[in-house]
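*Asks:* Here the sequence shown stands for residues 1 to 403, where the numbers follow the UniProt record's numbering.
Even for Gly, the Cβ is constructed at its ideal location relative to N, Cα and C.
Just so it is clear, the structure is predicted and the values come from calculations on it, not from any experiment.
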Amino acid sequence: MTERVVVAYSGGLDTSVTIGWLAERTGAEVVAVVVDVGQGGEDLDVIRRRAVDCGAVAAEVVDARDEFAAEYCLPAIRANAGYLDRYPLVSALSSPLVVKHLVAAARAHGGTVVSHGRTGTGNDLARFEVALAALAPDLTVVAPARDVAWTRDQAVAFAEEKGLPIDTSARAPYPIDQNLWGRAVEAGFLADSWRGPVEELYAHTADPTLERDADEVVITFDAGYPVAIDGETVTPYQAILELNRRAGAQGVGRLDLVEDRLVGIKTREVYEAPGAITLITAHQELEAITIERDLARFKRGVDQRWAELVHDGLWFAPLRTALDAFVDETQRHVTGEVRVNLHGGRATVTGRRSEAGRFDVGSATYDTGDGVDQSFAKGFVQLWGLPSKLSAARDARLGGVRS
Ligand code: ARG
């Protein structure tokens, strides 16, 4: 019986060459699965047909947009996901979902072998293969892009020689990854960390320096989930899509950073994630008024660890599940509204309110008649400062140096 290989296909250069290479070199029947995580751009039906033209016996498109928004992007909002405090995990979030559907397609098509186009030392290679090991350890993985390790020029040459229909974007000088949560551009001249990004790199954000009127948006959250925009109820997918549009039009969400890859290499990447940055900014601000101090301090560490785990390809690790359970508990009262001004490339919070808010106007003002008896403060600060006072006395006695 001819072997079946199921390939996670994006329509780009590496996965197109992967299909052509597998069909030619292994004689296996190749089935392509295109997972729609809101990457937009090309028509997915065109991509599906391209898979067949590259040599696949069948190709299917799976619409995973709502699932991606609800089950991957929303947890990222609640965890204020920012790898190295900034990168909102665009590719890191979609990889586990793509693998989930790759496995489902392998089961449906009777494939025992799966494949992908992830290469060498990239983070996505680890994300794909760790997720595969967790979800389907019985499946064999073949990854010519990883093993043959073709260069971009060699891949283009192979495609041309075999007549594979790679489109012009596959010939673009930089590999781009995009989904509903954002867009990542790397390599090419960006490999020189001193060279600035040029305007042509951006596709989801307008030039923030151009003059235009500000936009103002009110985002409603319920238990840490965005549920309405300007009072209109939205699904998670609609919330992100709408804020991508409105914040993108104001040039919000551009990032230029050098980040640490899983394998320890540093890499320069340019991102645009208007909806993600706006939602996380607003969510963080609502947490500021609804989460008690010590819980908020502890959560900051959890948020950071969550982003590192997901970045490092450990979405299916038990620690991520346990951290999500913690985050879930913290979000019980993160319900309310945040007003955000979108302008000049920035999402600036200008108002926040919540029925569950712990911010008490009465106790925070210095007006007379506030809610706290000030005489309590006298004893409190004396005890609070006691350790410092005792240490200072000892240093004075023994001649220690204090600065
Ligand atoms: N560095 C980012 C990550 O590891 C993005 C990777 C994909 N980037 C790209 N330009 N194709 O998640």
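Any heavy atom of the ligand ARG closer than 7 Å to the CB of Val-185?
*Replies:* Yes, Cβ of Val-185 sits closer than 7 Å to a heavy atom of the ligand ARG.
*Asks:* Going by CA-CA distance only, name the one from Ala-136, Val-99, Arg-353 and Arg-146 that's closest to Arg-118.
*Replies:* Of Ala-136, Val-99, Arg-353 and Arg-146, the residue nearest in Cα terms is Arg-146.
*Asks:* Can you check DSSP and say which residues form a bridge with Lys-266?
*Replies:* Note: Lys-266 sits in a beta bridge opposite Asp-260.
*Asks:* If you follow the alpha helix (DSSP H) that Asp-153 is part of, which residue opens it and which one closes it?
*Replies:* Run containing Asp-153: 152-162, per the alpha helix (DSSP H) assignment.
*Asks:* Taking only runs that begin and end inside the stretch 199-235, name each unbroken beta strand (DSSP E) of 3 or more residues, in chain order.
*Replies:* Complete beta strand (DSSP E) runs here, min 3: 215-222 and 225-229.
*Asks:* Where does Glu-272 fall in DSSP's three states?
*Replies:* In this structure, Glu-272 counts as strand in the three-state DSSP scheme.
*Asks:* Hey, would you say the C-beta of Pro-96 is under 7 Å away from at least one heavy atom of the ligand ARG?
*Replies:* It does not: the Cβ of Pro-96 is nowhere closer than 7 Å to a heavy atom of the ligand ARG.
*Asks:* Give a yes or no on contact between the stretch 6-18 and the stretch 38-54, applying the rule of three or more CB pairs nearer than 8 Å.
*Replies:* Contact holds: three or more Cβ-Cβ distances are below 8 Å.
*Asks:* Kindly indicate which residue of Gly-357, Arg-65, Gln-382 and Val-185 has the alpha-carbon position closest to the one of Ala-203.
*Replies:* Comparing Cα positions, the closest option is Val-185.
*Asks:* With a Cβ-Cβ cutoff of 8 Å, do residue 407 and Glu-269 count as a contact?
*Replies:* For the chain, the structure presents residues 1 to 403; residue 407 sits outside this window and is missing.
*Asks:* Using beta-carbon positions only, say whether Val-252 and Gly-345 come within less than 8 Å of one another.
*Replies:* Their beta carbons are under 8 Å apart, which means Val-252 touches Gly-345 by this criterion.
*Asks:* Can you list, in chain order, the residues of its chain whose CB lies under 8 Å from that of Arg-320, leaving out five sequence neighbours each side?
*Replies:* Excluding residues within five positions, the ones whose Cβ falls inside 8 Å are Trp-306, Leu-309, Val-310 and Leu-314.
*Asks:* Is Val-103 close to chain D, meaning its C-beta is less than 8 Å from at least one C-beta of that chain?
*Replies:* Among the chains of the structure shown, chain D does not appear; only one protein chain is present.
*Asks:* CB of Asn-123 to nearest heavy atom of the ligand ARG: below 7 Å?
*Replies:* At least one heavy atom of the ligand ARG is nearer than 7 Å to the Cβ of Asn-123, so yes.
*Asks:* Please confirm whether Val-37 and Ser-115 have their CB atoms less than 8 Å apart.
*Replies:* No. Outside cutoff.
*Asks:* Please state the DSSP three-state secondary structure of Ile-176.
*Replies:* Reduced to three states, the DSSP call for Ile-176 is strand.
*Asks:* Helix or strand or just coil, what does DSSP make of Ser-115?
*Replies:* Three-state DSSP puts Ser-115 in a strand.
*Asks:* Cβ of Asp-85 within 7 Å of any heavy atom in the ligand ARG?
*Replies:* Because no heavy atom of the ligand ARG lies under 7 Å away, the Cβ of Asp-85 does not count as near it: no.
*Asks:* Using 8 Å as the threshold, is the stretch 56-63 in touch with the stretch 209-217, meaning 3 or more CB pairs across them?
*Replies:* The stretch 56-63 is not in contact with the stretch 209-217.
*Asks:* If you follow the alpha helix (DSSP H) that Gly-55 is in, where does it begin and where does it stop?
*Replies:* First-last for Gly-55: undefined, no H or E at that position.
*Asks:* Could you tell me the boundaries of the beta strand (DSSP E) in which Val-148 lies?
*Replies:* Careful: Val-148 lies outside any beta strand (DSSP E) and carries neither H nor E.
*Asks:* Whole angstroms is fine: what's the gap from Ala-70's alpha carbon to Lys-389's?
*Replies:* Rounded to whole angstroms, Ala-70 to Lys-389 spans 52 Å at the Cα level.
*Asks:* Among Gly-182, Ala-8, Ser-354 and Asp-230, which has the Cα closest to the Cα of Pro-274?
*Replies:* Measuring from the Cα of Pro-274, the nearest candidate turns out to be Gly-182.
*Asks:* Check each candidate in Leu-279, Phe-221, Pro-137 and Val-57 and name the one with the smallest Cα separation from Val-334.
*Replies:* Taking only the C-alpha atoms, the option nearest Val-334 is Phe-221.
*Asks:* Between Glu-24 and Val-57, is the Cβ-Cβ spacing less than 8 Å?
*Replies:* No, the pair does not count as a contact, with Cβ atoms beyond the cut-off.
*Asks:* So the beta strand (DSSP E) Arg-183 belongs to, where does it begin and stop?
*Replies:* First-last of the beta strand (DSSP E) with Arg-183: 182-186.
*Asks:* How about Leu-180 and Leu-241: are their beta carbons less than 8 Å apart?
*Replies:* In this structure, Leu-241 lies closer than 8 Å to Leu-180 by Cβ.
*Asks:* Only counting runs of 3 or more residues, tell me where the beta strand (DSSP E) segments fall wholly within the stretch 271-331, in order along the chain.
*Replies:* Here no run is fully enclosed.
*Asks:* Pick from Cys-73, Asp-124, Val-141 and Glu-67: whose alpha carbon is nearest that of Arg-4?
*Replies:* It is Val-141 whose Cα lies nearest to the Cα of Arg-4.
*Asks:* Pull up the DSSP beta-bridge partners for Ala-32, would you.
*Replies:* In the DSSP output, where bridge partners are listed per residue, Ala-32 has Val-7 and Ala-59.
*Asks:* Quick one, are the C-beta atoms of residue 431 and Ala-223 less than 8 Å apart?
*Replies:* In this structure the chain extends from 1 to 403, so residue 431 is not present and cannot be described.
*Asks:* Taking the Cβ atom as the reference point for each residue, do Asp-395 and Asn-80 lie within a distance shorter than 8 Å?
*Replies:* Not closer than 8 Å, so no.
*Asks:* Any heavy atom of the ligand ARG closer than 7 Å to the beta-carbon of Thr-267?
*Replies:* Thr-267 Cβ: within cutoff of the ligand ARG.
*Asks:* Bridge partners of Thr-83, per DSSP?
*Replies:* Position check: residue 83 holds Tyr in this sequence, whereas Thr was assumed. Looking at the DSSP assignment, Tyr-83 forms a beta bridge with Tyr-87.
*Asks:* Relative to the alpha-carbon of Ala-136, which residue among Gln-39, Gly-301, Pro-96 and Gly-264 has its alpha-carbon at the smallest distance?
*Replies:* Of the listed residues, the one whose Cα sits closest to Ala-136 is Pro-96.
*Asks:* On a Cα-Cα basis, can you pick out the residue from Gly-248, His-283, Leu-255 and Asp-177 that is closest to Gly-41?
*Replies:* Nearest of Gly-248, His-283, Leu-255 and Asp-177 to Gly-41, Cα basis: Asp-177.
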